[in-house]
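One structure below.
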Amino acid sequence: MLMQSSAIFATKPASAPLGVKAVYRTSSGDSNSMAATVRGPKWAQKTITLPPHRRGCHLVTSQILKEIRPDLSEFKCGLAHLFLHHTSASLTINENYDSDVRDDTETFLNKIVPEGRSAPWKHTLEGPDDMPAHIKSSMFGCSLTIPITDGRLNMGTWQGIWLCEHRDAPTARKVVVTLNGI
Amino acid sequence: MLMQSSAIFATKPASAPLGVKAVYRTSSGDSNSMAATVRGPKWAQKTITLPPHRRGCHLVTSQILKEIRPDLSEFKCGLAHLFLHHTSASLTINENYDSDVRDDTETFLNKIVPEGRSAPWKHTLEGPDDMPAHIKSSMFGCSLTIPITDGRLNMGTWQGIWLCEHRDAPTARKVVVTLNGI
Amino acid sequence: MLMQSSAIFATKPASAPLGVKAVYRTSSGDSNSMAATVRGPKWAQKTITLPPHRRGCHLVTSQILKEIRPDLSEFKCGLAHLFLHHTSASLTINENYDSDVRDDTETFLNKIVPEGRSAPWKHTLEGPDDMPAHIKSSMFGCSLTIPITDGRLNMGTWQGIWLCEHRDAPTARKVVVTLNGI
């Protein structure tokens, strides 16, 4: 995403340990206003494509980081926003270690959203899995906002980014990533 | 929202195709630091009122755009944040075409959240539909964050903004819209 | 979070009533470009720790405000982002008055997510409450974004921030708070 590879931050604020207690103010043409400033805030935006995944919940943290890491590393403090362009899949944050957790979550979704002959749906033209997919998409949501600290996604030890594919037929999924920070 | 109608962006970054791969840096008093800069980031905030909608899921994309489009058009890249001021309705993003999808989603919500005599709720003073409404509001959530690209909400082809009214009595609903970008 | 206690905003935009209709543009070294400008945007980020709460839904608005109020008060317009570092608890916005609403919500969550012998989960090594906790965390989500207006969280009259603890054993929970605005 970045056009230049040069460093962006002029100086670091003389702050407490980053990620714990820090404030950043950007300079705005008045060089006397602060002892420590960073250059103006940056925005970066990129549409990435996740390859087709089978129906179920999938850990995609590393796939997403592979696409955005160079840009992410330029942000001292900020927010990363991920927005899935679809209404039959979802993005959520959950456990990043045991794949059984993903399987059990898929089991849960299928248990509470009826599908097939027993289901009361009017919207059936796109297949029996389509209406359940829409419902699951609103339950988990199609976007995530994650803090950035020192060039990295500031998530908990056990947190990962999941793509939940709710359709039977795997298809590529687009995610608009917007990074904002300093 | 905007006080002036003059253009805000000084020059475009000489970037790759927008929305796909782009980075923006704001000038910060140092005119030599970049070949292409945009003026400082903007924030716009406005409280809009959605008219009363009957219980169920409603597509409100055009109602919201009508209120924010002039402001939105001033942002090259950014994020739009919508925040519903209520705990018995919700905002979600889902299918924008077939109204059956909205009806089926309402059917689902009523199916999994018990209401009336069979329901185990202690909170019943505000009517049998009130406690279910609170639960549905947390299931779908009361806020959305959507990327802005080239002056438009950057959503997928089939995505729309839904207001889900969970109370029986339709009431006007307030949404705080915050736009941030460059 | 703030290193200095001095005022940050140079001048107020000569805008319509704040929170209703307002636009803010930051100065960017060009003092002639606007009649009214504010200094550059600020970012503040802090990790706060919520003390252990018993399983269930808890109103934590005041606990969170106690930690961030001094910093919040420095923002005229912006967004507050809260990000829980855990996958077995959740953050949601809901009713702030009647504790029965929190109790009923906990009742609902336990009703739709099976636990114990009747549950179909494969992931059971961390206890019978662990897999249900993961599912509930994705249902309600682990992050919130709330508008800031005039130094305060701009929520509705009846809205509050809930921490939902989904594990039996209470533990302290970390929340990364990121404030961004002007």
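Residue numbers (my numbering), protein chains in the order written: chain A, 1 to 182; chain B, 183 to 364; chain C, 365 to 546. Just so it is clear, CB atoms sit at the ideal spot from N, CA and C, and this is done for glycine as well. Quantities reported herein were computed from a predicted structural model and do not represent experimental measurements.
1. Identify every residue that forms a DSSP beta bridge with His-81 of chain A.
2. Taking the C-alpha atoms as reference points, what is the distance between Pro-352 of chain B and Ser-502 of chain C?
3. Is it buried or exposed for Met-34 of chain A, if we count other Cβ within 10 angstroms and need 16 for buried?
4. Quick one: is Asn-474 of chain C near chain B, going by C-beta distance under 7 Å?
5. Counting only beta-carbon atoms, is Trp-43 of chain A nearer than 7 Å to chain B?
6. I'd like the list of long-range same chain contacts for His-81 of chain A, defined as Cβ closer than 6 Å, with 5 residues on each side in sequence excluded.
7. Using a beta-carbon distance below 7 Å, is Met-313 of chain B in contact with chain C?
8. Any chance the CB of Ser-501 of chain C is under 6 Å from a heavy atom of the ligand FMN?
9. Does Thr-149 of chain A get closer than 7 Å to chain B when you measure Cβ to Cβ?
10. Roughly how many angstroms lie between the CA atoms of Ser-437 of chain C and Asp-514 of chain C, to the nearest whole one?
11. Is DSSP giving Arg-167 of chain A helix, strand or coil here?
12. How many angstroms separate the CA atom of His-134 of chain A from the CA atom of Ile-364 of chain B?
13. Who are the neighbours of Phe-140 of chain A on chain C, taking C-beta pairs under 9 Å?
14. Would you mind giving the Cβ-Cβ distance between Trp-340 of chain B and Cys-239 of chain B, rounded to the nearest angstrom? I have them listed as a contact below 8 Å.
15. Give a yes or no on whether 7 Å exceeds the smallest Cβ distance from Gly-156 of chain A to chain C.
16. Since Gln-227 of chain B and Cys-441 of chain C are thought to touch, with beta carbons under 8 Å apart, how far apart are those beta carbons, to the nearest angstrom?
17. Quick check: is the beta carbon of Val-358 of chain B nearer than 7 Å to any beta carbon in chain E?
18. Going by other Cβ atoms of all chains shown within 10 Å of its Cβ, with 16 needed for buried, is Lys-356 of chain B buried or exposed?
19. Within the 7 Å Cβ cut-off, does Leu-275 of chain B reach chain C?
20. My understanding is that His-530 of chain C touches Pro-496 of chain C, with C-beta atoms under 8 Å, so please give their C-beta distance in whole angstroms.
21. Establish whether the CB of Ile-182 of chain A and some CB of chain C are separated by less than 7 Å.
22. Beta-carbon within less than 7 Å of Ala-536 of chain C's beta-carbon, same chain only, minus the 5 sequence neighbours each way: which residues are those?
23. Is it right to say Ser-482 of chain C is buried, meaning 16 or more other beta carbons lie within 10 angstroms of its own, or is it exposed?
24. If you compare alpha carbons, which of C:Pro-405, C:Lys-406, C:Ile-457, C:Met-519 is closest to Phe-504 of chain C?
25. Starting from Ile-146 of chain A, find everything on chain C with Cβ-Cβ shorter than 7 Å and list it in chain order.
26. What does DSSP give as the partner residues of Ala-271 of chain B in its beta bridges?
27. Nearest chain B C-beta to Lys-122 of chain A closer than 7 Å, yes or no?
28. Output yes if chain B places a C-beta closer than 7 Å to the C-beta of Ser-543 of chain C; else output no.
29. Taking Cβ to Cβ, would you say Ser-454 of chain C is nearer than 7 Å to Cys-506 of chain C?
30. On the DSSP letters alone, give me the boundaries of the beta strand (DSSP E) that His-422 of chain C sits inside.
31. Considering only residues of the same chain and omitting the five flanking positions on each side of Gly-116 of chain A, which have a CB-CB separation below 8 Å?
32. Just to confirm the assignment, what range does the alpha helix (DSSP H) spanning Leu-489 of chain C have?
33. Nearest chain B C-beta to Thr-87 of chain A closer than 7 Å, yes or no?
34. Considering Cα atoms alone, identify which of C:Cys-528, C:Ile-512, C:Val-424, C:Asn-544 is closest to Thr-229 of chain B.
35. Does Thr-231 of chain B come out as helix, strand or coil in the three-state DSSP assignment?
36. State the start and end residues of the unbroken alpha helix (DSSP H) segment that holds Glu-106 of chain A.
A quick look at the data gives this:
1. As a position in the first sequence, residue 81 of chain A is number 81, starting the count at 1. Note: His-81 of chain A sits in a beta bridge opposite A:Thr-145, A:Thr-178.
2. One-based indexing of the second sequence puts residue 352 of chain B at position 170. One-based indexing of the third sequence puts residue 502 of chain C at position 138. Near 29 Å, if we compare the C-alpha coordinates of Ser-502 of chain C and Pro-352 of chain B.
3. Residue 34 of chain A sits at position 34 when you count from the first residue of the first sequence. Its pLDDT being 29, under 50, Met-34 of chain A is placed unreliably in this model, and the value from its coordinates should be taken loosely. By the neighbour-count rule (16 or more Cβ atoms within 10 Å), Met-34 of chain A is buried.
4. On the third sequence, residue 474 of chain C is found 110 positions in, with the first residue counted as 1. So no, Asn-474 of chain C is outside the interface.
5. As a first step, residue 43 of chain A is located in the first sequence; it is residue number 43 there, counting from the start. Yes, because at least one Cβ of chain B sits closer than 7 Å to the Cβ of Trp-43 of chain A.
6. Translated into positions along the first sequence, residue 81 of chain A becomes position 81. Excluding sequence neighbours, His-81 of chain A sits near Thr-145, Thr-178.
7. On the second sequence, residue 313 of chain B is found 131 positions in, with the first residue counted as 1. True, the Cβ-Cβ gap to chain C drops below 7 Å.
8. Inclusion of the ligand FMN in the displayed structure is not the case, the ligand content being empty and no account of it being possible.
9. Taking the first residue of the first sequence as position 1, residue 149 of chain A is located at position 149. No - not a single Cβ of chain B is within 7 Å of the one on Thr-149 of chain A.
10. Working through the third sequence from its first residue, we reach residue 437 of chain C at position 73. Working through the third sequence from its first residue, we reach residue 514 of chain C at position 150. Rounded to the nearest whole angstrom, the C-alpha separation of Ser-437 of chain C and Asp-514 of chain C is 7 Å.
11. Position 167 of the first sequence, counting from 1, holds the residue named residue 167 of chain A. Looking at Arg-167 of chain A - three-state DSSP - the assignment turns out to be coil, as it is neither helix nor strand.
12. Taking the first residue of the first sequence as position 1, residue 134 of chain A is located at position 134. Taking the first residue of the second sequence as position 1, residue 364 of chain B is located at position 182. Between His-134 of chain A and Ile-364 of chain B, the C-alpha separation is close to 33 Å.
13. Position 140 of the first sequence, counted from the start, is the residue given in the question as residue 140 of chain A. Correct list: Ser-502, Met-503, Gly-505.
14. Within the second sequence, the letter at position 158 stands for residue 340 of chain B. Within the second sequence, the letter at position 57 stands for residue 239 of chain B. Not a contact, Cβ separation roughly 15 Å.
15. Translated into positions along the first sequence, residue 156 of chain A becomes position 156. It does: the Cβ of Gly-156 of chain A has a partner Cβ on chain C nearer than 7 Å.
16. Taking the first residue of the second sequence as 1, we reach residue 227 of chain B at position 45. Taking the first residue of the third sequence as 1, we reach residue 441 of chain C at position 77. Correct: roughly 5 Å between the Cβ atoms.
17. The structure shown contains no chain E; the protein chains it does contain are A, B and C.
18. Here residue 356 of chain B refers to the residue found at position 174 when the second sequence is read from its first residue. So Lys-356 of chain B counts as exposed.
19. Taking the first residue of the second sequence as 1, we reach residue 275 of chain B at position 93. Looking at the sequence shown, residue 275 of chain B is not Leu but Ile. No, Ile-275 of chain B does not count as interfacial toward chain C.
20. For the purposes of this step, residue 530 of chain C is identified with residue 166 of the third sequence, where counting begins at 1. For the purposes of this step, residue 496 of chain C is identified with residue 132 of the third sequence, where counting begins at 1. Rounded, the Cβ-Cβ distance is 7 Å, consistent with contact.
21. On the first sequence, position 182 is the one that residue 182 of chain A refers to. So yes, Ile-182 of chain A belongs to the interface.
22. Position 172 of the third sequence, counting from 1, holds the residue named residue 536 of chain C. The residues are Thr-413, Leu-414, Pro-415, Pro-416.
23. As a first step, residue 482 of chain C is located in the third sequence; it is residue number 118 there, counting from the start. Exposed, because fewer than 16 other Cβ atoms sit within 10 Å of the Cβ of Ser-482 of chain C.
24. For the purposes of this step, residue 504 of chain C is taken as residue 140 along the third sequence, with counting starting at 1. Closest by alpha carbon: C:Ile-457.
25. Start at 1 with the first residue of the first sequence, and residue 146 of chain A comes out as number 146. Within 7 Å Cβ-Cβ: Phe-447.
26. Position 89 of the second sequence, counted from the first residue, corresponds to residue 271 of chain B. Beta-bridge pairing links Ala-271 of chain B to B:Glu-347.
27. As a position in the first sequence, residue 122 of chain A is number 122, starting the count at 1. So yes, Lys-122 of chain A belongs to the interface.
28. Looking up residue 543 of chain C in the third sequence gives position 179. Checking the sequence, you will find Leu at residue 543 of chain C rather than Ser. So, not an interface residue.
29. For this step, residue 454 of chain C is matched to residue 90 along the third sequence. For this step, residue 506 of chain C is matched to residue 142 along the third sequence. Yes. Within cutoff.
30. Mapped onto the third sequence, residue 422 of chain C falls at position 58. Run containing His-422 of chain C: 420 to 423, per the beta strand (DSSP E) assignment.
31. For the purposes of this step, residue 116 of chain A is taken as residue 116 along the first sequence, with counting starting at 1. Here Gly-116 of chain A has Pro-128 as same chain residues with Cβ atoms under 8 Å from its own Cβ, once five neighbours each way along the sequence are excluded.
32. The sequence position of residue 489 of chain C within the third sequence is 125, counting from 1. Taken as a continuous stretch (DSSP letters only), Leu-489 of chain C belongs to no alpha helix (DSSP H), as it is neither H nor E.
33. Residue mapping note: residue 87 of chain A aligns to position 87 of the first sequence, counting from 1. Closer than 7 Å to some Cβ of chain B, the Cβ of Thr-87 of chain A qualifies, so yes.
34. In the second sequence, residue 229 of chain B corresponds to position 47, counting from 1. Comparing Cα-Cα distances from Thr-229 of chain B to each of C:Cys-528, C:Ile-512, C:Val-424, C:Asn-544, the minimum goes to C:Ile-512.
35. For the purposes of this step, residue 231 of chain B is taken as the residue at position 49 of the second sequence. Under the three-state reduction of DSSP, Thr-231 of chain B is assigned to strand.
36. As a working note, residue 106 of chain A is residue 106 in the first sequence. From DSSP, the alpha helix (DSSP H) with Glu-106 of chain A extends over 99 to 112.
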